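S.K.:
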Amino acid sequence: MDRHFQHELESLKTILIKMGSIVEENITNALQALLDRNESLAQKVFENEVRINTLELEIDNAIIDLLALQQPVASDLRFIIAAQKINNDLERIGDHAVNIAESDLNLLKMKPLDTLLELPKMVVTTKIMLRSALDSFILLDPKMAQIVLETDDQIDNLNRSMTTEVIEMLRADKRSIECGLELIRISRNLERVADIATNIAEDVIFHTQARVVKHHAEEVKNQN
Numbered sequence: 062m063d064r065h066f067q068h069e070l071e072s073l074k075t076i077l078i079k080m081g082s083i084v085e086e087n088i089t090n091a092l093q094a095l096l097d098r099n100e101s102l103a104q105k106v107f108e109n110e111v112r113i114n115t116l117e118l119e120i121d122n123a124i125i126d127l128l129a130l131q132q133p134v135a136s137d138l139r140f141i142i143a144a145q146k147i148n149n150d151l152e153r154i155g156d157h158a159v160n161i162a163e164s165d166l167n168l169l170k171m172k173p174l175d176t177l178l179e180l181p182k183m184v185v186t187t188k189i190m191l192r193s194a195l196d197s198f199i200l201l202d203p204k205m206a207q208i209v210l211e212t213d214d215q216i217d218n219l220n221r222s223m224t225t226e227v228i229e230m231l232r233a234d235k236r237s238i239e240c241g242l243e244l245i246r247i248s249r250n251l252e253r254v255a256d257i258a259t260n261i262a263e264d265v266i267f268h269t270q271a272r273v274v275k276h277h278a279e280e281v282k283n284q285n
């Protein structure tokens, strides 16, 4: 029974990693479509969204079976709880990728901008945070997860700067209102992806160290 249970836990982790890979691909495609003004990459995001939703349901059902039939305790229970939360988080990131792709397509209908303001910086930082959060889960590395928590403020600051710069742009040229709104929408979606990557990192710390660190990134830093 124990060997079978461990096999089911490994299978659950494997499916989560697969889902994480697809979600990361979707975010990458959505962001690259923005930078390159590439419609085909944006369309791929919508195609992959169906796969993400299917995997979310598959993982949910696997977790329900594990909880109902195996009655896990200690670290195994923490892993299943973390997996359930990460599953929901990944699906939400997939939704944000779709939102960004929709904005990409809207921007393609408009005249190309001379600058994307803070978005290129946000793209790089968000992708690193998501990659690190997923790697920390795969490797069960709480130190890597901690770095994600400490990076979140950078995205928050960039998002605020982005909003300020778009407002200044609109004051200079009111014809850019639709474009400016799309830029703010993308910025806010990136900020949310970074927040969710932080949630995943918090779940990794919960699983590996049995500590709840939500909203306490600085405490984690001080304890290491």
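When you number the sequence shown by the numbering used here, it's gap-free, plus one each residue, and the end is 285. For every residue, glycine included, the Cβ atom is placed at its ideal position computed from N, Cα and C. Predicted model, so just to flag it, every value in this text is computed and none were measured.
1) Out of 139, 163 and 142, which has the shortest C-alpha to C-alpha gap to residue 49?
2) Going by the C-beta, is residue 86 closer than 7 Å to any heavy atom of the ligand SAH?
3) With distance defined between alpha-carbon atoms, name the residue in 160, 241 and 226 nearest to residue 171.
4) Using a beta-carbon distance below 8 Å, is residue 102 in contact with chain C?
5) Can you give the beta carbon distance from residue 101 to residue 180, rounded, assuming they're within the 8 Å contact cut?
6) Using 8 Å as the cut-off, can you tell me whether the segment 182 to 191 makes contact with the segment 120 to 131, which would need three or more C-beta pairs spanning the two stretches below that distance?
7) Below 7 Å CB to CB, which residues in the same chain sit around residue 89 once its five sequence neighbours on both sides are set aside?
8) Could you spell out the range, first to last residue, of the alpha helix (DSSP H) harbouring residue 149?
9) Mind checking whether residue 272 and residue 157 have CB atoms under 8 Å apart?
M.R.: Working from what's here:
1) The shown model of the chain, from 62 to 285, leaves out residue 49, and the question about it has no answer.
2) Within the structure as shown, the ligand SAH is missing, as the structure has no ligands at all.
3) 241
4) Among the chains in the structure shown there is no chain C, since it carries only a single protein chain.
5) Actually they are not in contact, since the Cβ atoms of residue 101 and residue 180 sit about 20 Å apart, beyond 8 Å.
6) no
7) 188
8) 135 to 169
9) no
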